[in-house]
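Residue numbers (our numbering), protein chains in the order written: chain A, 936 to 1580; chain B, 936 to 1580.
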């Protein structure tokens, strides 16, 4: 095919697989686009970034600016939820070319009569487009350019910046070329900035041993909201299977009174659209959702696509499970391990289309009850394209919905789930403990392609993971892990009240909790107060006040001459909020060192000192050097300094 | 859309812009493909690389092997010219999964009666596909698996590697997923390995001052072939414009007898399909092409799409040029500079389709005369898509044709021309002189995406470029620049006989030759012999004998404790030819240092010594250590060591 376009567009960034996947933003964020744009020869080109919201009819246009090495850049801000599309457009700019050429010839004292006639030609072709203001101006220039007697005037006009403006703002896009369209999905702000608190409703009762209810949960709302959390996540609240129910500490035999794992979903009391009777009614649940909202807390539900052997689906839709030649149903296994209390859903089923629809229906049922956040259990054991489809279907109707992928598995698998559409992702932060590991992991998340599609959610602990470094750890360690999560990542969560009560006794030798709530009710002293709770509360308030902590990617690690200290600079997009965070990784000894300010990043102007204000203690210090002394004690093993210039 | 496939294929390498551009190989080379292939859950998957030549009806299949981190790899070899296509296919392997699971259960002493029935089911579904040899075997196993009384036998069969083989070699590709098709273009070997010699036919006369002819050129063939060159490239041989002809040293006034620039193409004697009368006839040219072939030399022509003001096209096709409002034709300019002897072709012409066809016709005319190599003059001043189209059209009919892009311009422009289809590219080697520059440039060419599409051709000099470092340089410098080009890159060229006669007097202060042949006839002593010619000849012979030097990408730089020495390891794909090249960058003093062998790359087995043989001097040395002493003198400032284990 003979394509006459002379401009070529290549290497657009950001993009994922040439547009196969969308990138992600939240309302108010920018998309910084760069692209190589080339033309044959020496002609000047014009380049625009075109973008529009999926509901817009017309493209908005912003001119791109030439950078080094044939790259062009421009940005646009996303203001509405849903998809935006963007593409790059380039053309040879004959008007600017003409002016560029004639100025050089004039400087060289050449006679440019013929060039003026060319200029008049170009200006005539623009006449139809120029605004009323410019019309007289342009018509006058044309007259001057065409009149040989007015040559000296023409020379003056040719040099005018206003003429440059006319050409620049009215490009004749003859033979313009355009890139493919790329997509960015825009979420509400919570997709990027969220502070989660997880607990088991069944342990919410103030009476030890008694099964907690949604009513009990309501009584805990002031405590959790008071600590500064904004998202309240419950493990599954559905009827728990009675067949092959698990006993305490994951034993295969359940005794009278054992409550089973709430991830073993479905019983005579119903399935994924029902509520475990002992927790209350669906009305109670809706009431709790509303009460939580009143406290500024959004309730997140667990979405766990699996069934107990007595889940209603097993009878109503046997084709959604795998049946063995001996007539039994296939339970979950990871040979030689067997999980007889769980049936995996059979995604290779011939009846998969109805199955997917039913899975979607579950989500909409809870959305109708007021839920807008789902934490998805083990998404990596269900097909990737299923997630792509179901997330797309939900967001078409309810763009507010947030999906958090609970996949603790291989890196590429976690990345792929995020690429396919997950809003947020659990991460390896839970196990990243040394400075080297933390820096390397943050660089991977924020400085590679992952920054465009993977929104990390940092959890120091979960009901499944009681990491070795927290087992029997001291208070300083709990503070340190929380402040690391809370300052490195804009989305974080803890599994409480274990975390803030520092209950971390493990199943011996395992990264699991002893007497895990996954299999039994636990009694907590919900009224207990401690220093850790105060620190967590303070950190959460700082997160709410500081935009720099409400995003993850704007981070630069700083040099420190002590590997027990980790330091980094965080900033919001407009750099109106700039923080320097320093955290000690030694929870037993005081540590001191010199921290290097990232002067290249700080627009210091003529200032020769910087004031840093500790947002916890409110103490202020004046720093006059690039390298500055800090000392941290295990009692308060971090500084969150606000930079004041 | 509900896609039931469970396998996802991502990050295939090599690929350019998701398949927008093809990668390049020559006959006999391999394409090493890697891809991330993922499935939900813990199931085993099978992955194949499918490939076929454009003329094949069926895909060939090679199984890919699992590597770290969910990557899979396989290779295929290209045997024919033209396009090959390749893609990755993945599926859940239920047979292997079954065996994997049952073995773990047997190891755990579980009773697996039901699993045997499942195994029988899977095997039955394979029966239609298995070869005759395997049929009885499989039928027997099915019988055993189905018979509860033969349980102990079944256990034995389940463990058999032969059963694994049956499953592996007969995958049931239910719900297999496939990537997009990617393309690789395969050239003849010369596209990768070529040694060019450029001279001006008009300077070929043995009589000083007389205009050389094709007959004169024929007399020089033994000399050039004898030096080991395989490609003979002539600047344009077409009629030279007489209007606005340039004088000596690029002056704007030509005097009586001035021959003009041969890049000012077209006159009363014809245009791009005609021959400058003083050189001879088209029959003479065909005769020369044949004679050259007899000497193992292939003639390359210059393809320069521009016209002198008296080119026949200006009258026959005025629409292919740009006309100014004053009625004059637009000549080339780069304001304030003017090139009145050259008219650029007007690619924005409404008549561009006929223009492109005419440009293609020129190529086919010379192809019919026996030409298969074109060195394209200033391709970056003609549209990229024009090149994509014309190269594609030529190669459809004549896959042997090689296009060398003479673009000395910005990096992205040079890269884009290569992406759009150029076979070979001129490079910045001409100006890369220090060790740091050379290493960095080679890493860019061979270790980035460019390795897939940009085939460098290294020229120490050209008629346009007399680099500062060669101006009045000593013999050692000429040896050094030649051996650098000849060992770093598999395609190289020199502009002679200036190079081998070390004639490098510049236009003062410029990187150009004084009294450049571009504008006048030069008299050379074509019979002269010297040491430099001997060394060039020797190097060219070594290049012909050593496969390691017939490709560019297989290179690893070696540590040397002296920055005046550059050392690298080169090898052919099968590693049957391994070289260690060490070159001194000091052309005035002797230099010595310790070179580190790349032991991690050398499959040393149990050997504790390596023998290195200098391919120039034929001296052999036994090395017993990782670090070894070398010393180089300006007389022979390099070693090309062959490694003998």
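Beta carbons are placed, not taken as given, at the ideal position from N, Cα and C, and that holds for glycine.
Member of the options whose CA lies at the smallest distance from the CA of residue i
| i | options | result |
| --- | --- | --- |
| residue 1447 of chain A | A:1074, A:1433, A:1458 and A:1459 | A:1433 |
| residue 1020 of chain B | B:1037, B:1142 and B:995 | B:995 |
| residue 1535 of chain B | B:1558, B:1060 and B:1493 | B:1493 |
| residue 1407 of chain A | A:1440, A:963, A:1191 and A:1428 | A:1440 |
| residue 1138 of chain A | A:1570, A:1475 and A:1431 | A:1431 |
| residue 1400 of chain A | A:1347, A:1361 and A:1033 | A:1361 |
| residue 1539 of chain B | B:1526, B:1565, B:1579 and B:1529 | B:1579 |
| residue 1146 of chain B | B:1530, B:1135 and B:1487 | B:1135 |
| residue 1005 of chain B | B:1479, B:980, B:991 and B:1246 | B:980 |
| residue 1061 of chain B | B:1103, B:1514 and B:1023 | B:1103 |
| residue 1500 of chain B | B:1488, B:1082 and B:1524 | B:1524 |
| residue 940 of chain A | A:982, A:950 and A:1027 | A:1027 |
| residue 1481 of chain B | B:1425, B:1444 and B:962 | B:1425 |
| residue 1544 of chain B | B:1555, B:1550 and B:1507 | B:1555 |
| residue 1372 of chain B | B:1419, B:1330 and B:1385 | B:1419 |
| residue 1576 of chain A | A:1488, A:1484, A:1509 and A:1526 | A:1484 |
Proximal residues to residue i (C-beta, below 8 angstroms), its chain only, five neighbours per side dropped
| i | result |
| --- | --- |
| residue 1355 of chain A | 956, 1319, 1320, 1322, 1323 and 1326 |
| residue 1265 of chain B | 1256, 1257, 1258, 1259, 1278, 1279 and 1281 |
| residue 1247 of chain B | 1201, 1205 and 1206 |
Cutoff 6 angstroms; reference residue i; Cβ partners in own chain excluding five residues on either side
| i | result |
| --- | --- |
| residue 1413 of chain A | 1437 and 1467 |
| residue 1254 of chain B | 1284 and 1286 |
Own chain residues within Cβ distance below 7 angstroms of residue i, not counting five before or after
| i | result |
| --- | --- |
| residue 1044 of chain A | none |
| residue 1179 of chain B | 1244, 1275 and 1276 |
| residue 1182 of chain B | 1188, 1189, 1190, 1193 and 1454 |
| residue 1053 of chain A | 1033 |
Alpha-carbon to alpha-carbon, residue j and residue i
| i | j | result |
| --- | --- | --- |
| residue 1295 of chain B | residue 1328 of chain B | 8 angstroms |
| residue 1226 of chain A | residue 1125 of chain A | 19 angstroms |
| residue 1109 of chain B | residue 1350 of chain A | 25 angstroms |
| residue 960 of chain A | residue 1381 of chain A | 14 angstroms |
| residue 1168 of chain B | residue 1298 of chain B | 16 angstroms |
| residue 1092 of chain A | residue 1098 of chain A | 7 angstroms |
| residue 1303 of chain A | residue 1111 of chain B | 37 angstroms |
| residue 1267 of chain B | residue 1035 of chain A | 15 angstroms |
| residue 1152 of chain B | residue 1202 of chain B | 23 angstroms |
| residue 1495 of chain B | residue 1553 of chain B | 23 angstroms |
| residue 1057 of chain B | residue 1195 of chain A | 36 angstroms |
| residue 905 of chain B | residue 1166 of chain B | Not covered by the structure: residue 905 of chain B. The range shown for chain B is 936 to 1580. |
| residue 1208 of chain B | residue 1272 of chain B | 29 angstroms |
| residue 1336 of chain A | residue 1343 of chain A | 22 angstroms |
| residue 1569 of chain B | residue 1522 of chain B | 5 angstroms |
Residues that residue i bridges to, as DSSP identifies them
| i | result |
| --- | --- |
| residue 1150 of chain B | Answer is none; residue 1150 of chain B lacks a bridge partner. |
| residue 1558 of chain A | A:1545 |
| residue 1198 of chain B | Paired residues: none, contrary to the question. |
| residue 1324 of chain B | Looking at the DSSP assignment, residue 1324 of chain B forms no beta bridge with any residue, so it has no partner. |
| residue 1020 of chain B | B:987 and B:1118 |
| residue 972 of chain A | A:944 |
| residue 981 of chain A | A:1026 |
| residue 1515 of chain A | A:1504 and A:1576 |
| residue 1258 of chain A | A:1264 |
7 angstroms Cβ cutoff met for residue i and residue j
| i | j | result |
| --- | --- | --- |
| residue 1365 of chain B | residue 1394 of chain B | yes |
| residue 1235 of chain B | residue 1308 of chain B | yes |
| residue 1230 of chain A | residue 1155 of chain A | no |
| residue 909 of chain A | residue 1073 of chain A | For residue 909 of chain A there is no data in the structure shown, the boundaries of chain A being 936 and 1580. |
| residue 1148 of chain B | residue 1214 of chain B | yes |
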